[in-house]
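So the structure is just underneath, and the comments pick up after that.
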Amino acid sequence: MTTIALSRPVAPHRPTSLTTTITLDNHPSQCPTPVPNKHIPVCPPGPIPHQEPTTPPPSPGTEEDQFNRSLLYPPDKYPRVEMGRLCLYKLDADHVAAALDYVARQPLPDASQVFPWLHGLHPSNAVQQTFFMARKRTLRRTPPCLRGVTVVKADGELNVSRLKGAISPDEFLQTGGDSAEFLDVDPREGFSVRNFHIQAAKAAMTSDIIVYGDDDVAVRKLGWDIAAAQEQWRARHEALRHPLPRYSTFICVSPFAEFEEKHPEIVSVNSEGLLTGKVLDFLHQERLEMYEMTQASEISHNIWLGPTPDSGSEEEQIYDVLVDCNDLGRLNPGALQAIAEAPDDETKQYHVDFPSSGSIIAPSWSHAEADGILETCKWLYHLAHGTRPPSSHRVPTHSPQPQPAVDADGDIPMASTIAPSALPSLAVRPRRILIHCNDGYTESTLLAVAYHSFATGQPVPQAWLDLHTTRRRNLFAYPSDVGLLSSIAPRLLAESPCFLGAAAAEESGAGTSTNTQAYPSSPTADHQQQLLADMLREQEPRWFSGFDGSFPSRVLPYMYLGNLGHANNPDLLRALGIGQILSVGETAMWRDGELDEWGDDNVCLVKGVQDNGIDPLTDEFARCLEFI
1 MTTIALSRPV APHRPTSLTT TITLDNHPSQ CPTPVPNKHI PVCPPGPIPH QEPTTPPPSP
61 GTEEDQFNRS LLYPPDKYPR VEMGRLCLYK LDADHVAAAL DYVARQPLPD ASQVFPWLHG
121 LHPSNAVQQT FFMARKRTLR RTPPCLRGVT VVKADGELNV SRLKGAISPD EFLQTGGDSA
181 EFLDVDPREG FSVRNFHIQA AKAAMTSDII VYGDDDVAVR KLGWDIAAAQ EQWRARHEAL
241 RHPLPRYSTF ICVSPFAEFE EKHPEIVSVN SEGLLTGKVL DFLHQERLEM YEMTQASEIS
301 HNIWLGPTPD SGSEEEQIYD VLVDCNDLGR LNPGALQAIA EAPDDETKQY HVDFPSSGSI
361 IAPSWSHAEA DGILETCKWL YHLAHGTRPP SSHRVPTHSP QPQPAVDADG DIPMASTIAP
421 SALPSLAVRP RRILIHCNDG YTESTLLAVA YHSFATGQPV PQAWLDLHTT RRRNLFAYPS
481 DVGLLSSIAP RLLAESPCFL GAAAAEESGA GTSTNTQAYP SSPTADHQQQ LLADMLREQE
541 PRWFSGFDGS FPSRVLPYMY LGNLGHANNP DLLRALGIGQ ILSVGETAMW RDGELDEWGD
601 DNVCLVKGVQ DNGIDPLTDE FARCLEFI
């Protein structure tokens, strides 16, 4: 199920309905039985969908219809080279560019003509066949309606001199035996409706194939291998009385430099190995989008949140302290204390770790772990603001044993030999700190939310929301993190510099009366935290009770992509500024009156489309886009 939520003001309140529980759909759903493989590549198949096709896919029409779908068919107008029963056709750069442009403008075949064949239906894979075919052998046949154009680089080196859509020979061709043949890429076991890795090979088998490269001998040799594989493929299907269109193999006789000079619009990677930007590369585009989404930004004074920088890079060098959140990280506030109390050396850079989100499980976390999180937040605050705590402040004895931080040279900082009570009250150099993890948000969310609540004095739900909406940070945590942060929320506020007062914060926490919060065993501290806990429970927003640690993903400034859990939490959507919902495949369950408050024109439900690899969505695109 996919829910697309759009930011738009919520419609004025309308009278509530008389029903106690409603859905976004006002009519009984006619959807097939849901298939339990939500957003994972391999999983149990679940029930067979009720709506099974009862006839084979439509025929491809007349041969004349197919002629018009490719400039390469029929191939008789191109120079021909023969070797026995095999033949190759020659193309120049102009021919290749024209063929690619033409085929890109052709309509896609109907989904029923190519699926479930494109999912992979190996004869030995009973699970996959039973789910998709329901004993209808005709669905396993290669669709005769396809005629694509596949571009193959002879040497397989796709990181240099790559044309638009070019693939490597080993993605679809097996050589080394008596004769080359197409790979059998259909999975022999397991179940999946997301076998994207086999689709390039399956497309090549139903395409005219163009081979290019600057080594003429290699180009021609590969061309003969592909022609032999096509001949064998066709003969195998004819033996099964399932004839296929005749696909041909073409070799490009123009050097790659001619494409760079005359047709740069189809050059993906130039001869120097650089992306040209002329061709959309989805993997590269994904990396760019991830970089834009997760690049480091300041979430509080001198505290930055972002992805792990490359070791030794300029980006890494701008930080004084780097806190790495990972699965092997330990609570180590003593390391931060050692950095704060060591003589200041601007040439030193320190690396500290911290447990990743989800690694501290609520039933097993101890009082010492709660102390460790609080002490980590405090020392990060002191380092970022260039302050020092009063002499009475110490990491509690029941905290995890402090481990020394390590600087960039592998050295352990020396703690100051000056007695803590004699530390000067003058401010020290503020440190620039990066909280980081591999992707910039998944493993660092626990520490980011805890610190933001501590530093700003906001309750955990508000701090979580503020990081996302105001600081524009993407976040991801687990239900255990929600429980842990909720449990320590009163202490985060009680010991926050904002709670203690601006004057106390400026004076590095001077005055022993303001630091009784460091010792939860104090009756005053216990009473104060209990009052805060009661207040937080009373003021907790409604959306937080159903919050599992994840927000919908912001894919555009005005659009989020979410799941059924997000759709079932309308208060969360409202808090995020979302005012419209486009729900595909499943129906959210809302409280009485919720739909009336949103308004019928702010909700669009697509019925009859399950996430099962069978139901087509193409018929719904126009309505969805119009709603958006």
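The opening position of the sequence shown corresponds to residue 1 in the working numbering, with each subsequent residue numbered one higher.
Glycine included, every Cβ here is placed at the ideal spot set by N, Cα and C.
Being a predicted model, the structure only gives us computed values, none of them experimental.
Practice task
Give me the Cα-Cα distance between P616 and L146, rounded to the nearest whole angstrom.
Solution key: Cα to Cα, the separation comes out at about 18 Å.
Handout entry: Run of the alpha helix (DSSP H) containing D94, from where it starts to where it stops
Key = 93 to 104
Exercise for the section: Pull up the distance between the alpha-carbon of T596 and that of D571, whole angstroms please. Expected result: The question names Thr, but residue 596 is Asp in the sequence shown. Distance between the alpha carbons of D596 and D571: 14 Å.
Problem - Beta-ladder partner(s) of Q174, from DSSP - result: E181
Problem - Residues that DSSP places opposite Y478 in a beta bridge - result: DSSP, once it has assigned bridges, lists no residue as partnering Y478.
Exercise for the section: Tell me P307's beta-bridge partners as DSSP assigns them. Expected result: C437
Problem - Nearest residue (CA-CA) to T206, options G213, D186, L244, V279 - result: T206 has its Cα closest to that of L244, out of G213, D186, L244, V279.
Exercise for the section: Check whether the stretch 217 to 229 touches the stretch 256 to 272, taking contact to mean three or more Cβ pairs, one atom from each stretch, closer than 8 Å. Expected result: no
Problem - Buried/exposed call for L426, threshold 16 Cβ in 10 Å - result: Only weak support is given to the placement of L426: the predicted model assigns it a pLDDT of 47, under 50, and the question is left unresolved by the model.
Handout entry: Outcome for P461 when other beta-carbon atoms lying within 10 angstroms are tallied against a minimum of 16
Key = buried
Exercise for the section: Please report how far the alpha carbon of R491 lies from the alpha carbon of T470, in whole angstroms. Expected result: 24 Å
Exercise for the section: Could you tell me whether the stretch 247 to 254 touches the stretch 71 to 87, using the rule of 3 or more Cβ pairs below 8 Å? Expected result: yes
Handout entry: Distance cut-off 6 Å: E171 Cβ against heavy atoms of the ligand NAD
Key = Inclusion of the ligand NAD in the displayed structure is not the case, the ligand content being empty and no account of it being possible.
Practice task
Please go through the same chain and pick out, in chain order, the residues whose beta-carbon is closer than 7 Å to the beta-carbon of S168, but skip the five residues on each side of it.
Solution key: K153, G156, L158
Practice task
Drop a sphere of 10 angstroms on the beta-carbon of R473, count the other beta-carbons inside from all chains shown, and report buried for 16 or more, exposed for fewer.
Solution key: buried
Practice task
Look at G457 and F499 and say whether their C-beta atoms are less than 7 Å apart.
Solution key: yes
Problem - Sequence-distant residues of the same chain with beta carbon closer than 7 Å to P41, five excluded per side - result: For P41, the predicted model reports a pLDDT of 37, less than 50, meaning its position is unreliable; a value from the coordinates is still stated below. The residues are S192, R194.
Practice task
Determine, using beta-carbon pairs with one atom in the stretch 300 to 309 and one in the stretch 432 to 442, whether at least three such pairs fall under 8 Å.
Solution key: yes
Exercise for the section: Could you tell me how far apart the beta carbons of D439 and T294 are, in whole angstroms, since I believe they sit closer than 8 Å? Expected result: With 8 Å as the limit, D439 and T294 qualify as a contact, their Cβ atoms being about 6 Å apart.
Handout entry: C-alpha distance - A104 paired with L222, whole-angstrom precision
Key = 25 Å
Handout entry: Range covered by the beta strand (DSSP E) that runs through Y212
Key = 207 to 212
Practice task
Would you list the one or two residues that DSSP bridges to R249?
Solution key: It should be noted that the sequence gives Thr, not Arg, for residue 249. Looking at the DSSP assignment, T249 forms a beta bridge with I209.
Practice task
To the nearest angstrom, report how far apart R554 and Q285 are at their CA atoms.
Solution key: About 16 Å.
Practice task
Would you mind sorting F621 into buried or exposed? The rule is 16 or more other CB atoms within 10 Å of its CB.
Solution key: exposed
Exercise for the section: Return the CA-CA distance between L383 and E346, expressed in angstroms with no decimal places. Expected result: 13 Å
Practice task
Compute the Euclidean distance between the alpha carbons of L465 and L118, then round it to the nearest angstrom.
Solution key: 42 Å
Exercise for the section: Give a yes or no on contact between the stretch 321 to 340 and the stretch 355 to 374, applying the rule of three or more CB pairs nearer than 8 Å. Expected result: yes
Handout entry: Backbone secondary structure at I198 - three-state DSSP
Key = helix
Problem - V285 - DSSP class collapsed to helix/strand/coil - result: Note on residue identity: the sequence assigns Gln, not Val, to residue 285. In the displayed model, Q285 falls within a helix according to three-state DSSP.
Problem - Sufficient close CB pairs (3 or more, under 8 Å) joining the stretch 268 to 281 to the stretch 112 to 132 - result: no
Exercise for the section: Identify, in the order they occur along the chain, each residue of the same chain with its Cβ nearer than 6 Å to the Cβ of S444, setting aside the five sequence neighbours on each side. Expected result: C325, I435, C437
Problem - Nearest neighbour of Y350, chosen from G577, Y102, Y319 [CA to CA] - result: Answer by Cα proximity: Y319.
Problem - Rounded Cβ spacing between W224 and F182 (contact assumed at less than 8 Å) - result: So it is not a contact: roughly 15 Å between Cβ atoms.
Problem - Check whether N125 and P187 have beta carbons under 7 Å apart - result: yes
Exercise for the section: Can you tell me which of A489, I266, M290 puts its alpha carbon nearest to the alpha carbon of A533? Expected result: A489
Practice task
Could you please give me the residues that DSSP links to L556 through a beta bridge?
Solution key: Per DSSP, M559.
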